[in-house]
Amino acid sequence: MDYNEQKWSTPELLEEFDLDRVELVLKIKNKTSRIKKDISGLKERTSGVKEDTSGVREGTSGPKEQTPGAAIQNDINEISKKARENKKIKSDEISNMVYEMCKIKALDLSELSELLGRNKDTIRKTYLKNLIKNGKVKLLYENQINHPNQAYKSV
């Protein structure tokens, strides 16, 4: 029988599965193969996900409702838009943008760099240093300056 003429059959599920461990036994052309997958950590990783969070139901028309997280991100993007589009902005104007964005949400250095279209070192040494010194912005983890999740929040 040629490869193109080969007939495929649907695999049969011979065993049931439980939520902590999945074991499938597939029988294909008298050959059995076992596939085991441990999914015990799956519940913890998906515990915050809820069904039907799109804001739009089938059969409806109109704009999609915006989630609070998306609205916050849009506000932050709008504040930083001018800096991304124009590289010749006054230092105090960018400092004000950093302050306004960090007032909405704590942002880390990478996020600020991407949002403003500026180098991380420049943001840290020029803008954040002065904002922290003037008491306008604080470290999210004040007792651990080099915390891996360090971010900046406006006071």
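Per the working numbering, the sequence shown starts with residue 1, numbered consecutively.
We put the CB at the ideal spot given by N, CA and C, even for glycine.
Under the three-state reduction of DSSP, L128 is assigned to helix.
Using a Cβ-Cβ distance cut-off of 8 Å, the segment 109-128 and the segment 76-88 are in contact, since at least three pairs of beta carbons, one from each stretch, lie closer than that value.
Under the DSSP definition of a beta bridge, K90 lacks any partner. S95 sits buried, since 16 or more C-beta atoms from the chains shown fall within 10 Å of its C-beta. Partner residues in the beta bridge of S154, as assigned by DSSP, are V137.
Under the 8 Å Cβ criterion, the segment 138-155 counts as touching the segment 98-114, having at least three qualifying pairs. Judged by DSSP secondary structure, A70 falls within the alpha helix (DSSP H) whose first and last residues are 68-85. For E111, the enclosing alpha helix (DSSP H) covers residues 109-116.
Residue nearest to K87 within the set N149, H147, N119, I145 is N119 (criterion: CA-CA distance). Inclusion of L109 and L128 in the CB contact set at 9 Å is warranted, their separation being smaller than that value.
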